[in-house]
Amino acid sequence: MKEIFRGDLVRLCAMDSDETGKAFSRWDRDSEFRRFLDSGVAHFVSSKKLKKKIEEEIAEQPLRQYPFGVRTLKDDALIGVGDLYVYNWTGRDAFVGLGFGEREFWGKGYGTDLMSLLLRYAFAEINLNRVTLNVFEYNPRAVRSYEKAGFRHEGRMRQFLNKEGKRWDMLFMGILRKEWMAHNEHRIKN
Amino acid sequence: MFDIQTQLFEGKDIRFGPIDYEKDPEVESKWTHDSDFMRMYESDPARPMSAAMVKKEYEKLEKEIEEEKNMYFFAVRAKADERLIGKAMIHRVEWVNGNCSLRFGIGSPDDRRKGYGSQTLQMLLRFAFAELNMFRVSAHVSEYNEATIIMLQKFGFVEEVRRRQALDRDGRRWDLLIFGLLKDEWQVRAKA
Chain S
8 MKEIFRGDLV RLCAMDSDET GKAFSRWDRD SEFRRFLDSG VAHFVSSKKL
58 KKKIEEEIAE QPLRQYPFGV RTLKDDALIG VGDLYVYNWT GRDAFVGLGF
108 GEREFWGKGY GTDLMSLLLR YAFAEINLNR VTLNVFEYNP RAVRSYEKAG
158 FRHEGRMRQF LNKEGKRWDM LFMGILRKEW MAHNEHRIKN
Chain V
-8 MFDIQTQLFE GKDIRFGPID YEKDPEVESK WTHDSDFMRM YESDPARPMS
42 AAMVKKEYEK LEKEIEEEKN MYFFAVRAKA DERLIGKAMI HRVEWVNGNC
92 SLRFGIGSPD DRRKGYGSQT LQMLLRFAFA ELNMFRVSAH VSEYNEATII
142 MLQKFGFVEE VRRRQALDRD GRRWDLLIFG LLKDEWQVRA KA
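Protein chains in written order, with my numbering: chain S, 8 to 197; chain V, -8 to 183.
Here it is as structure tokens:
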């Protein structure tokens, strides 16, 4: 069996609500990070409140929510988060999300490594049929990295966001289990 | 176009109103025993619900509406006799981005194909664009729900997203579609 929690650069770990709450209260000061992460308003939440929110989220939906902390292999530092949200078990479809609060790790292959761990978890551990993601038009670097991971474009919700006085599309990308198998053929056999 | 005097919650044959906890649970419980309806309205597994279960769902819904402040629910009634014929909602409102989703359903097979659905959609759109001031409205619909797809297209909705094989029903996979309508597109049609 493969080690599924360990990639080439990062490893998945349990999401510790205290540590992650503290990390996010620091990361949230980076508005570009916030605007890449979701369509909500960039603002601040205390680490105390974040800790409580994370605990509630995990407790509420234990069978839908698969959240992870992300640590570097090099020095075990918490640099980001990743999660799968199975919104529909009978359709075996989940949304994947990831983010690196520590921006020195942007654009260096960490996201690609993390995505391949999350997809392996989705398809080879919880046996989903497809994985969906949303990404915003103003984040082309992320789009390219998802294309590289094997995601296909499935459409865009036109002018979904309003930021900096402009409307931006929200893109949908998806990967099917069989596409993931084909994409990773060389890796799965080993 | 409309004006301030034109009633928001009245159509030709139908009207929107609040939930009636005395009468509605019994009626909606009947709808949930019709798997066709459930499979059109929900992507969660269809299951029959008792009146008591429906009542609990209403309570949950009204609590969520109060707490989240991002959704609106309407009981759809026949104007002639105030009978409950369907339900409609605007949800997932993102105030800052001016977007939301809508969903609606006409419960009994006897009430379908009578124009109630399209009157419901027309009223929902006016509520979203002219009362909530949304910039865009989205609608999520299963590939097999052809009647709704045709209706959305008639109202000017554009197919924007096709999530391949997101549903698994009757032993095969179906796409989940997202349609979108922008305020500009709606106004053009409302004037015509």
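Just so you know, even glycine gets a beta-carbon here, dropped at the ideal spot from N, CA and C.
- Around Leu124 (chain S), the same chain offers Gly14, Leu19 as residues with beta carbons nearer than 6 Å, after the five sequence neighbours per side are excluded.
- The DSSP-derived three-state label of Thr139 (chain S) is strand.
- Within the model, the alpha-carbon separation for Arg83 (chain V) versus Val132 (chain V) is close to 15 Å.
- Ranked by how close their Cα comes to the Cα of Ile5 (chain V), the residues V:Val67, V:Arg30, V:Arg94 have V:Val67 in first place.
- For Pro16 (chain V), DSSP records no beta bridge to any residue.
- Distance from the CA of Asp159 (chain V) to the CA of Thr(-3) (chain V), rounded to the nearest whole angstrom, comes to 43 Å.
- In this structure Asn146 (chain S) touches Phe43 (chain S) by the C-beta definition: roughly 5 Å separates them, less than 8 Å.
- For chain V, the residues of the segment 142 to 166 of chain S that bring a beta carbon within less than 7 Å of one of its beta carbons are Glu161, Gly162, Arg163, Met164, Arg165, Gln166, in chain order.
- Residue environment analysis places Val93 (chain S) among the buried positions, since at least 16 neighbouring C-beta atoms fall within 10 angstroms of its C-beta.
- Residue contact check for Val88 (chain S) against chain V: no CB pair falls below 8 Å.
- A check of alpha carbon separations from Ala189 (chain S) across S:Phe130, S:Ser53, S:Ser54 identifies S:Phe130 as the nearest.
- At least one CB atom of chain V sits nearer than 8 Å to the CB of Leu183 (chain S).
- Look at the segment 33 to 65 of chain S: the residues with a C-beta under 9 Å from a C-beta of chain V are Ser46, Gly47, Val48.
- Here Ser26 (chain V) carries a helix assignment [DSSP, helix/strand/coil].
- Met122 (chain S) is not a Cβ neighbour of Ile61 (chain S), given a cutoff of 8 Å.
- Annotation for Ser41 (chain V): Ser20 place their beta carbon closer than 7 Å to its own, counting only its chain and skipping 5 residues before and after.
- Annotation note: the segment 115 to 167 of chain S contains the following uninterrupted alpha helix (DSSP H) runs of length 4 or greater, listed N- to C-terminal: 117 to 131, 147 to 155.
- For Gln68 (chain S), the number of other beta carbons within 10 angstroms of its own is below 16, and it is reported as exposed.
- Residue environment: Gln110 (chain V) is assigned as buried (16 or more neighbouring CB atoms within 10 Å of its CB, all protein chains considered).
- In the structure shown, Tyr32 (chain V) falls within a helical segment according to DSSP collapsed to helix, strand and coil.
- For Leu168 (chain V), the enclosing beta strand (DSSP E) has its first and last residue at 163 to 173.
- Here Ile56 (chain V) has Met62, Tyr63, Phe64 as same chain residues with Cβ atoms under 8 Å from its own Cβ, once five neighbours each way along the sequence are excluded.
- Ala79 (chain V) has V:Phe65, V:Phe95 as its beta-bridge partners, per DSSP.
- Within the segment 163 to 178 of chain V, Ile169, Gly171, Leu173 place their CB atoms closer than 7 Å to a CB of chain S, listed in sequence order.
- For Ala157 (chain V), the three-state secondary structure derived from DSSP is strand.
- Non-local C-beta neighbours of Glu26 (chain S) in its own chain, meaning closer than 8 Å and more than five positions away in sequence, comprise Gly76, Leu85, ordered along the chain.
- Classified as exposed, Gly116 (chain S) has fewer than 16 neighbouring CB atoms from the shown chains inside 10 Å of its CB.
- In this structure, Phe95 (chain V) places its C-beta atom within 8 Å of the C-beta atom of Gly77 (chain V).
- Counted as a single uninterrupted DSSP element, the alpha helix (DSSP H) harbouring Phe31 (chain S) occupies residues 24 to 34.
- In this structure, the straight-line span from the alpha carbon of Ile133 (chain S) to that of Leu105 (chain S) is close to 18 Å.
- For the segment 171 to 182 of chain S, residues whose beta-carbon sits nearer than 8 Å to a beta-carbon of chain V comprise Arg174, Phe179, Gly181.
- Identification of chain V residues near Thr139 (chain S) by a Cβ-Cβ cut-off of 7 Å yields Arg154, ordered along the chain.
- When beta bridges are read from the DSSP output, Trp175 (chain S) appears opposite S:Leu168.
- Of the residues assessed, Tyr153 (chain S) falls on the buried side of the cut-off, its CB having 16 or more other CB atoms within 10 angstroms.
- For a cut-off of 8 Å, the C-beta gap from Ile81 (chain V) to Leu123 (chain V) is around 7 Å, short enough to register as a contact.
- Taking CB atoms only, Leu91 (chain S) has no neighbour in chain V less than 8 Å away.
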